[in-house]
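In my numbering, the protein residues as written are 560 to 695.
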């Protein structure tokens, strides 16, 4: 992020990183330190800030956050407890959760190669996350 000219082509770092492990192991602290060291804005999200009872509002919030990050780039979007936003689709009957997961995946894959927006997420329960999120 600080020296983008060094990370072109094959040396381009992944745009998305998933941190997982037991509570209290410093996942959030790692993200905060990376943003501070790189000198880039950190947009930290929690499921409670995103999930809304109004239809379509959660998806709109996600789109808006990614748009803000694109305008601020370079930037890091950090989603804590991502398993609440991206539950395994096979075990989730909640229509809102499925729509939020779909929007999150669309936004994550929509980050262009020339954009310097990085998505970092953390979870205590990686087994509860949708496989598509883990792959991305």
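We put the CB at the ideal spot given by N, CA and C, even for glycine. As the structure is a computational prediction, the values presented were derived from the model and not from experiment.
Partner residues in the beta bridge of residue 638, as assigned by DSSP, are 604, 680. Exclusion of the five residues before and after residue 668 leaves 695 as the residues of its chain whose Cβ lies within less than 8 Å of its Cβ. Rounded to whole angstroms, the separation of the alpha carbons of residue 623 and residue 616 is 10 Å. Taking 8 Å as the cut-off, the beta carbon of residue 680 is found closer than this to the beta carbon of residue 577.
Excluding sequence positions up to five before and after residue 655, its CB lies within less than 8 Å of the CB of 610, 614, 617, all in the same chain and listed in chain order.
By the neighbour-count criterion, in which 16 or more other beta carbons inside 10 Å mark a residue as buried, residue 686 falls on the exposed side. Exclusion of the five residues before and after residue 620 leaves 609 as the residues of its chain whose Cβ lies within less than 6 Å of its Cβ. Linking residue 664 to residue 581 through their CA atoms gives a straight-line distance of about 24 Å.
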